[in-house]
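Undergrad: Provided herewith is a single structure, encoded as structure tokens, for subsequent inquiry.
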Amino acid sequence: MPNAVTEIPAAPPELALARFEEQFRYETDCWDVHEALADGSPGFVLLDVRGPEAFARGHVPGAIHLPHRKIIASRLSFWPPDTLFVVYCAGPHCNGAARAAVRLARLGRPVKIMTGGITGWLDEGFELAKSADPISGGGADAAESVQEAAR
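When you line the sequence shown up against this note's numbering, it's residues 2 to 152, in that order.
If you want it as structure tokens, here you go:
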């Protein structure tokens, strides 16, 4: 007897493969970000796109704070045009990362979303960093340290 899962047939394997492989071009997960950061040369800039209070309460270590509404060309000018940005927000209930990804893509910047955001990070058992004085994304010192880490 059909149910909500079986009522619509699954896509043929070749279509499913193409769809799921394509997904990795747009997103990554907390585990992979954590591993890349631990390696010391992640090859991307990690942006926390939440508000300043949320960032100060806890953020992914190494993330730069740049709220999605403040993503503009002049704030990104410190990084080469081909720099990959990975963005995250509070979690699956928040669309801030998608909003940030749209802004970055409109500016011609490569971007992926870290699925799960802070919620996913904590679910994986990873620690958060806390800062009373968040890096307000795009400062020259922040850019230089992130560029160095991305090499």
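Think of the CB as a built atom: it goes at the ideal place given N, C-alpha and C, for glycine as much as any other residue.
Being a predicted model, the structure only gives us computed values, none of them experimental.
(1) Is Ala91 helix, strand or coil when you go by DSSP?
(2) Secondary structure at Val103, three-state DSSP: helix, strand or coil?
(3) So, with DSSP's three-state summary, where would you put Lys113?
(4) Indicate the three-state DSSP secondary structure (helix, strand or coil) for Glu8 in the structure shown.
(5) Between Ala19 and Pro53, what straight-line distance do the alpha-carbon atoms span, to the nearest angstrom?
(6) Residues in the same chain with beta-carbon distance under 7 Å from Ala99, minus the five sequence neighbours each way, listed in chain order, please.
(7) What's the C-alpha gap between Pro68 and Arg76?
(8) Check this for me: beta carbons of Thr84 and Val46, under 8 Å apart or not?
(9) In whole angstroms, what separates the C-alpha of Asn96 from that of Val50?
(10) Round the Cβ separation of Ala31 and Gly121 to the nearest angstrom and send it over; I've been treating them as touching at under 8 Å.
(11) Assuming contact is defined by CB atoms lying nearer than 8 Å, are Phe86 and Arg110 in contact in what I supplied?
TA: For this structure:
(1) Three-state DSSP puts Ala91 in coil, outside helix and strand.
(2) It is helical.
(3) Three-state DSSP puts Lys113 in a strand.
(4) In this structure, Glu8 counts as coil in the three-state DSSP scheme.
(5) Separation of Ala19 and Pro53 (C-alpha to C-alpha, rounded to the nearest whole angstrom) is 38 Å.
(6) Here the set comprises Ile114.
(7) Pro68 and Arg76 have their alpha carbons spaced roughly 11 Å apart.
(8) Contact flag set, yes.
(9) Looking at the two C-alpha atoms, the distance is approximately 10 Å.
(10) Note that residue 31 is Cys in the sequence shown here, rather than Ala. At roughly 4 Å, the Cβ-Cβ gap stays under 8 Å, so Cys31 and Gly121 are in contact.
(11) Yes, the Cβ-Cβ distance between Phe86 and Arg110 is below 8 Å.
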